[in-house]
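Protein chains in written order, with our numbering: chain R, 1 to 342; chain D, 1001 to 1342.
2 protein chains.
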Amino acid sequence: MSSARRPAPPRPTSRDVARSAGVSQATVSLVLGGKWRGRVSETTAGRVRESARELGYRPNLAARSLRLGDTRTALLVVPALTNEFFARVYTGAAAVAAEHGFGVVLYPSPDGTGPARDPFASARASLDGVIASSMASDALGALRGTGLPLVMLDSDPGDTGVAARVNLDIADGMRQVTGHLLDLGHRRFVHLASAVDTWTFAVRARALGGVLAGVPGATLRTVTAPLDVRAATAAAEAVLAEPGPPPTAIVCDDDILAAGACKAVRRRGLRVPDDISVTGFDDLALATAVEPELTTVRLPAEQVGRRGMTALLAVLDGRPAEGGDLPVRLVSRGSTAPAARP
Amino acid sequence: MSSARRPAPPRPTSRDVARSAGVSQATVSLVLGGKWRGRVSETTAGRVRESARELGYRPNLAARSLRLGDTRTALLVVPALTNEFFARVYTGAAAVAAEHGFGVVLYPSPDGTGPARDPFASARASLDGVIASSMASDALGALRGTGLPLVMLDSDPGDTGVAARVNLDIADGMRQVTGHLLDLGHRRFVHLASAVDTWTFAVRARALGGVLAGVPGATLRTVTAPLDVRAATAAAEAVLAEPGPPPTAIVCDDDILAAGACKAVRRRGLRVPDDISVTGFDDLALATAVEPELTTVRLPAEQVGRRGMTALLAVLDGRPAEGGDLPVRLVSRGSTAPAARP
DNA sequence: ACTCCGACGTTATACGTAAAACCCCGGACG
DNA sequence: CGTCCGGGGTTTTACGTATAACGTCGGAGT
Chain R
1 MSSARRPAPP RPTSRDVARS AGVSQATVSL VLGGKWRGRV SETTAGRVRE
51 SARELGYRPN LAARSLRLGD TRTALLVVPA LTNEFFARVY TGAAAVAAEH
101 GFGVVLYPSP DGTGPARDPF ASARASLDGV IASSMASDAL GALRGTGLPL
151 VMLDSDPGDT GVAARVNLDI ADGMRQVTGH LLDLGHRRFV HLASAVDTWT
201 FAVRARALGG VLAGVPGATL RTVTAPLDVR AATAAAEAVL AEPGPPPTAI
251 VCDDDILAAG ACKAVRRRGL RVPDDISVTG FDDLALATAV EPELTTVRLP
301 AEQVGRRGMT ALLAVLDGRP AEGGDLPVRL VSRGSTAPAA RP
Chain D
1001 MSSARRPAPP RPTSRDVARS AGVSQATVSL VLGGKWRGRV SETTAGRVRE
1051 SARELGYRPN LAARSLRLGD TRTALLVVPA LTNEFFARVY TGAAAVAAEH
1101 GFGVVLYPSP DGTGPARDPF ASARASLDGV IASSMASDAL GALRGTGLPL
1151 VMLDSDPGDT GVAARVNLDI ADGMRQVTGH LLDLGHRRFV HLASAVDTWT
1201 FAVRARALGG VLAGVPGATL RTVTAPLDVR AATAAAEAVL AEPGPPPTAI
1251 VCDDDILAAG ACKAVRRRGL RVPDDISVTG FDDLALATAV EPELTTVRLP
1301 AEQVGRRGMT ALLAVLDGRP AEGGDLPVRL VSRGSTAPAA RP
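Laid out in structure tokens, this is it:
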């Protein structure tokens, strides 16, 4: 509160370090850059490092970027950080980036909500590469047009022009869920699906439908809702109010939807899991906060971020990028139980 | 997958634009920089802008930073993005920043968990300013030592060397909660507090204690737990197992703790809110996902971010920074009810 | 004795931008 | 008729870094 305006503390430059160590600026750059084998004596190098530390020297990244032509910055495009899954993806990506001296800048993708603007207007315009989660294809086109290396997360294998792809084995997760419920004797299913139309959700629907198609007597009713507890509750309540025999299992695309479904079941005077089983997806913190705790599919979100960044760094380094599928695992908790004998 | 390595697409520079428009590079800079009143004719300026658009010219930010000495980048220091509250703070801050052509880079603060490293090692070393949420004071010292303008969020007014401070009126929120419960007839309180020792939580304890000190017959038992559902459940269960008359209200520092407390109450064979009322804090998505929905205090998280960034931009602009306190509001839901008549 | 070479540095240059300093030219003014 | 002025640009420079190109010097090889 006291000091209004400091006169801007002038940061020491490599030339200051050079002066202090009694060498030229070039020598400082060589020593601190690490490539001085046989170019600078050990004693001189030591003197340089000492001076640098004393002065608290930090290289000016803008100058380095200008010289080298790279920015050591990657862009991560995600729908929303308030979604715990993507917050965890960021955490993983940022951790790997930091280990390699990279920074990560975020761009909340134009995904229904929010204004659809050019990623490069709001984010730093100079980037080395992009990691993007599944998004609208028009925005994807804009990204591809930049010529930047692009790593896609959890996206349609049909998309082209992608340097690497890191996917979760969503289909397998959905098959595990469905198998779990079938084993419990369930036959009448409702699929509470996300209203967002991206690959990751389309896969869920396909996997669920595929499995049930092979089960005689199985029925499937699909409804959609935005990723929001209140909306999910309303959607689920509506489907439960329909005439005919009620479902015995509600399969949700997401834990948030599942929490809403549970509330809807109880509002209809029924119990979870005794009357109706409910399953989620993602295994967010939410899944163990509600009661009963949700049977769900655990997604290694941090791993997705780590693998994505690792792949991007590999591409930038000229090495072959390794994407790959990450396995997922069913976590059985209290929201599923054997189907009631009719 | 097909194209392994493009030969790096050379971005057009201001000189390319100049050549294309038939002027000098300086003219391009003047026109695109907006400061050309009476320096360049309208027709020439139009030609320059046309060429820039045709070539898809984007100024090289590294060069601009180097020349201008600023980076148009702010650092936001938060404990963890997986905490919805901070994700929302980021969202607000990033929105304001984007409106002013600024970028935001994140640094997860050393706050108990995670390695305590120098913020400037992992984040971009060149920053114009810092916005930091309440954190360990030693890390705060490191930040202050950089001489960068520092805006603190929800932090101790006693901290010095701060350009501006944006606080939530946490004490008032806690008084609202306590008053609400007292009105409902509650007298035996448990405070389920966060184990994290920062100002924002210390204020809660002081406010609660302060109010109850003036109420004859009121009792208060305090226990702490990390911000984690499972740990909160365990802590609450332990306190409920203690001998003597059980509490009729559990006041929690956070919605996450409250969710855990609810589970603990039910595990003891009691009901929320019939036997014991529970209150949260923050009004996260979680608060309406659990059942009963949590009575809690709504915090304007995005506003905190917006105000923080606005204040920082003001300081950077040489204008007086306006911090200030943001009001909070009690949201009464199903987790609180009149105390049972003994 | 002359060359050559490796160890140890230094000098010079380029990256792209912003802006200070300069330059030219046609008209107004004394 | 010489001088000044201001509109409309251009030339030049600096920002801090990485590195290519260039020196220097003492000793080993022939």
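Ideal Cβ positions, reconstructed from N, Cα and C, are used throughout, including at glycine.
- For residue 107 (chain R), the three-state secondary structure derived from DSSP is strand.
- DSSP, reduced to helix, strand and coil, places residue 1324 (chain D) within a strand of the structure shown.
- Residues of the region 1284 to 1315 of chain D with a Cβ closer than 8 Å to any Cβ of chain R, in chain order: 1285, 1286, 1288, 1289, 1290 and 1291.
- For residue 1074 (chain D), the uninterrupted beta strand (DSSP E) segment begins and ends at 1073 to 1078.
- Counted as a single uninterrupted DSSP element, the stretch harbouring residue 333 (chain R) is not any beta strand (DSSP E), since DSSP gives it neither H nor E.
- Using a Cβ-Cβ distance cut-off of 8 Å, the region 147 to 159 of chain R and the region 180 to 188 of chain R are not in contact, since fewer than three pairs of beta carbons, one from each stretch, lie closer than that value.
- Contact with chain R is found for residue 1082 (chain D), since one of that chain's Cβ atoms lies less than 8 Å from the residue's Cβ.
- If you compare the alpha carbons of D:1315, D:1016 and D:1240 with that of residue 1054 (chain D), the shortest gap goes to D:1016.
- Residue 60 (chain R) reaches chain D at 1065, 1066, 1125 and 1126, counting residues in chain order whose Cβ is nearer than 9 Å.
- Exclusion of the five residues before and after residue 1300 (chain D) leaves 1326 as the residues of its chain whose Cβ lies within less than 6 Å of its Cβ.
- One alpha carbon belongs to residue 216 (chain R), the other to residue 178 (chain R), and they sit about 14 Å apart.
- Taking 8 Å as the cut-off, the Cβ atoms of residue 149 (chain R) and residue 163 (chain R) count as close.
- Of D:1037, D:1079 and D:1074, the smallest CA-CA separation from residue 1126 (chain D) is found for D:1074.
- Contact between the region 1010 to 1027 of chain D and the region 329 to 338 of chain R is not established, with fewer than three Cβ pairs separated by less than 8 Å.
- Residue burial annotation: residue 317 (chain R) is exposed, with fewer than 16 other C-beta atoms found within 10 angstroms of its C-beta.
- As the crow flies, the alpha-carbon of residue 1279 (chain D) is around 17 Å from that of residue 1219 (chain D).
- For residue 193 (chain R), the enclosing beta strand (DSSP E) covers residues 188 to 194.
- Only residues of its own chain outside the window of five on either side were considered, and among them 70, 71, 72, 73, 74 and 316 have a CB closer than 7 Å to the CB of residue 128 (chain R), listed in chain order.
- If you check each beta-carbon in the region 243 to 270 of chain R against every beta-carbon of chain D, the ones closer than 8 Å belong to 256, 259, 260, 262, 263 and 266.
- Within the model, the alpha-carbon separation for residue 1146 (chain D) versus residue 1160 (chain D) is close to 14 Å.
- DSSP places residue 168 (chain R) inside the beta strand (DSSP E), whose first and last residues are 164 to 168.
- Cβ contact annotation for residue 97 (chain R) (same chain, cutoff 7 Å, sequence separation greater than five): 74, 103, 104 and 309, in chain order.
- Take residue 212 (chain R), set aside five residues on each side of it, and the residues of its chain with a beta-carbon closer than 6 Å to its own are 218 and 220, in chain order.
- As a beta-bridge residue in DSSP terms, residue 152 (chain R) pairs with R:132 and R:165.
- Per the C-alpha coordinates, the member of R:281, R:294 and R:337 positioned closest to residue 172 (chain R) is R:281.
- Comparing alpha-carbon positions, the option among R:283, R:305 and R:253 lying closest to residue 298 (chain R) turns out to be R:283.
- If you check the CB distance, residue 267 (chain R) and residue 292 (chain R) do not come in under 8 Å.
- Residue-level contact by beta carbon fails for residue 1279 (chain D) and chain R, as no gap is shorter than 8 Å.
- Distances from the alpha-carbon of residue 195 (chain R) to those of R:225, R:320, R:208 and R:207 put R:225 closest.
- With respect to residue 286 (chain R), residue 335 (chain R) sits apart: the two C-beta atoms are not nearer than 8 Å.
- For residue 44 (chain R), the enclosing alpha helix (DSSP H) covers residues 42 to 55.
- One Cα belongs to residue 255 (chain R), the other to residue 1307 (chain D), and the distance between them is close to 32 Å.
- DSSP places residue 1028 (chain D) in the helix class (H, G or I) of the three-state scheme.
- With fewer than 16 other Cβ atoms inside 10 Å of its own Cβ, residue 1050 (chain D) counts as exposed.
- With 16 or more other CB atoms across the displayed protein chains lying within 10 angstroms of its CB, residue 1029 (chain D) is buried.
- Rounded to whole angstroms, the gap between the alpha carbons of residue 19 (chain R) and residue 100 (chain R) is 30 Å.
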